[in-house]
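Asker:
Number of protein chains: 2
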Amino acid sequence: MGIVMNIGQAADASGVSAKMIRHYESIGLVPQADRRDSGYRDYDPEDVHRLSFVRRARDLGFPLERIRVLLGLWGDPTRSSAEVKALALTHIEELEEKARHLQEMADVLRGLADACDGDGRPHCPIIEGLEAGSVPASSPSGERLISRSSSTSLPSRRSPSPGRR
Amino acid sequence: MGIVMNIGQAADASGVSAKMIRHYESIGLVPQADRRDSGYRDYDPEDVHRLSFVRRARDLGFPLERIRVLLGLWGDPTRSSAEVKALALTHIEELEEKARHLQEMADVLRGLADACDGDGRPHCPIIEGLEAGSVPASSPSGERLISRSSSTSLPSRRSPSPGRR
DNA sequence: TGTGCGCCTTCCCATCATGGGAAGGTCAAC
DNA sequence: GTTGACCTTCCCATGATGGGAAGGCGCACA
Chain Z
1 MGIVMNIGQA ADASGVSAKM IRHYESIGLV PQADRRDSGY RDYDPEDVHR
51 LSFVRRARDL GFPLERIRVL LGLWGDPTRS SAEVKALALT HIEELEEKAR
101 HLQEMADVLR GLADACDGDG RPHCPIIEGL EAGSVPASSP SGERLISRSS
151 STSLPSRRSP SPGRR
Chain D
1 MGIVMNIGQA ADASGVSAKM IRHYESIGLV PQADRRDSGY RDYDPEDVHR
51 LSFVRRARDL GFPLERIRVL LGLWGDPTRS SAEVKALALT HIEELEEKAR
101 HLQEMADVLR GLADACDGDG RPHCPIIEGL EAGSVPASSP SGERLISRSS
151 STSLPSRRSP SPGRR
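Here the protein sequences come in this chain order: Z and D.
Position 149 of the first sequence, counting from 1, maps to 149 under UniProt numbering, and the rest follow consecutively.
Position 165 of the second sequence, counting from 1, maps to 165 under UniProt numbering, and the rest follow consecutively.
Okay, structure coming up:
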């Protein structure tokens, strides 16, 4: 009795690759699958359901450790929806933070690209923007810098200020 | 002659960690630094300038391999700004693509979270959303599924359709 | 001159999620 | 029985960064 599938079928049905199913099992994200005499893993619909849950959580960008918590909440009939919601809101914050960061980088770069003619000449505000303060070629003071003549005489080398880095 | 600094000073001046400077050198992103007799690396303002360039490119999200190209264009007086601009625009596309993806995930999750009471009760649309199609418990047909009685007799197991995955 | 401390060196390991591939065993259809 | 798709485990790779160990160097201060 029981409907059973091997890892490839479970992979197809859940959308999680066989490779990843084995991995999730190895890190304890999902329970160890039953084995046939041959050593093949067996999956039933409940297993596949759990794997699908994991896949959807990943599709929403949840890191595996948070999915571990989600799985725990999922299987806990006494959980409060507040716990789940808090987890989700935290994750939403992180997603939007990352999205903002990426968009900000794109915007800065767009600003440079807009100023670039994009023609055959070498002049390019994008490169100049990356250079940003131009070469501090001949440094004004010896602050953090030392001078040396060829390879002889190594004079004082660094300000002795402690805890520099 | 020559203003020279060790790797820690170059790290401070460029904003690239000493660890990363060594790494960039090891993968050939930046040229090998000169060495003192002691084995310490030496950096001059040009080196620091290049490292700063790399750091700004990284701050704009460029992957190292693209930075490698950027460095090549930077040092090439015959480059056309069109080349640089094309590289930048490609990168902007990728950044915005990723930002959209993240924001999309956040929006989906926000929709679920908005539907969640977030109270002390277990009912939670977020969890349900992750379950998505509910358990395909007793599968309708034997498509991809097999039945088994306990652990005896393993009948036909899989449709022989080739190139399944 | 010695000592101490902070810096340097190399090398290995960890992250995070995923995949590639090798070597070898299993299964089922023809 | 052979074939070919599937399964098993194990190791390595990605991309960018960091942690940390073990040991050497540099320099200021006592």
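Here a beta-carbon is modelled for each residue, glycine too, at the ideal position from N, C-alpha and C.
These numbers were taken from a predicted model, which means no experiment stands behind them.
Would you mind working out which of Z:65, Z:13, Z:107 and Z:106 sits nearest residue 91 of chain Z, comparing C-alpha positions?
Answerer: Cα-wise, what sits closest to residue 91 of chain Z is Z:65.
Asker: Could you check what DSSP says for residue 58 of chain D in three-state terms: helix, strand or coil?
Answerer: Three-state result, residue 58 of chain D: helix.
Asker: Can you tell me whether DSSP reads residue 100 of chain Z as helix, strand or coil?
Answerer: helix
Asker: Against chain Z, with Cβ distances strictly below 8 Å, would residue 56 of chain D count as a contact?
Answerer: Taking CB atoms only, residue 56 of chain D has a neighbour in chain Z less than 8 Å away.
Asker: Residues in the same chain with beta-carbon distance under 7 Å from residue 33 of chain D, minus the five sequence neighbours each way, listed in chain order, please.
Answerer: 25, 41, 42, 43 and 47
Asker: Does the Cβ of residue 19 of chain D have 16 or more other Cβ atoms within 10 Å, making it buried, or fewer, making it exposed?
Answerer: exposed
Asker: Taking beta-carbon pairs under 7 Å, can you tell me which members of the stretch 79 to 102 of chain D lie near chain Z?
Answerer: For the stretch 79 to 102 of chain D, the residues whose beta carbon sits under 7 Å from a beta carbon of chain Z are, in order, 79, 80, 81, 82, 84, 85, 88, 89, 91, 92, 95, 96, 98, 99 and 102.
Asker: Pull the bridge partners of residue 34 of chain D from the DSSP assignment, please.
Answerer: D:42
Asker: So which residues of chain D does residue 118 of chain Z contact, with C-beta pairs closer than 7 Å?
Answerer: 81, 82 and 85
Asker: Can at least three beta-carbon pairs, one atom from the stretch 105 to 117 of chain D and one from the stretch 107 to 124 of chain Z, be found at a separation below 8 Å?
Answerer: no
Asker: When you compare the stretch 92 to 108 of chain Z with the stretch 93 to 112 of chain D, are there three or more beta-carbon pairs, one atom per stretch, that lie closer than 8 Å?
Answerer: Contact between the stretch 92 to 108 of chain Z and the stretch 93 to 112 of chain D is established, with three or more Cβ pairs separated by less than 8 Å.
Asker: If you draw a straight line from the alpha carbon of residue 80 of chain D to that of residue 89 of chain Z, how long is it in whole angstroms?
Answerer: 47 Å
Asker: For the candidate residues Z:39, Z:15, Z:4 and Z:110, whose alpha-carbon lies nearest to that of residue 59 of chain Z?
Answerer: With distances taken between Cα atoms, residue 59 of chain Z lies closest to Z:15.
Asker: Counting only Cβ pairs nearer than 8 Å, list the residues of chain Z close to residue 105 of chain D.
Answerer: 59, 60, 61 and 95
Asker: In whole angstroms, what is the alpha-carbon distance linking residue 125 of chain D and residue 107 of chain D?
Answerer: A direct Cα-to-Cα measurement between residue 125 of chain D and residue 107 of chain D gives close to 15 Å.
Asker: Taking C-alpha atoms, which residue in Z:131, Z:22 and Z:112 lies nearest to residue 51 of chain Z?
Answerer: Z:22
Asker: Answer with buried or exposed for residue 10 of chain Z, where buried requires no fewer than 16 other C-beta atoms within 10 angstroms of its C-beta.
Answerer: buried
Asker: Are residue 54 of chain D and residue 84 of chain D close, meaning C-beta to C-beta below 8 Å?
Answerer: The Cβ-Cβ distance between residue 54 of chain D and residue 84 of chain D does not fall below 8 Å.
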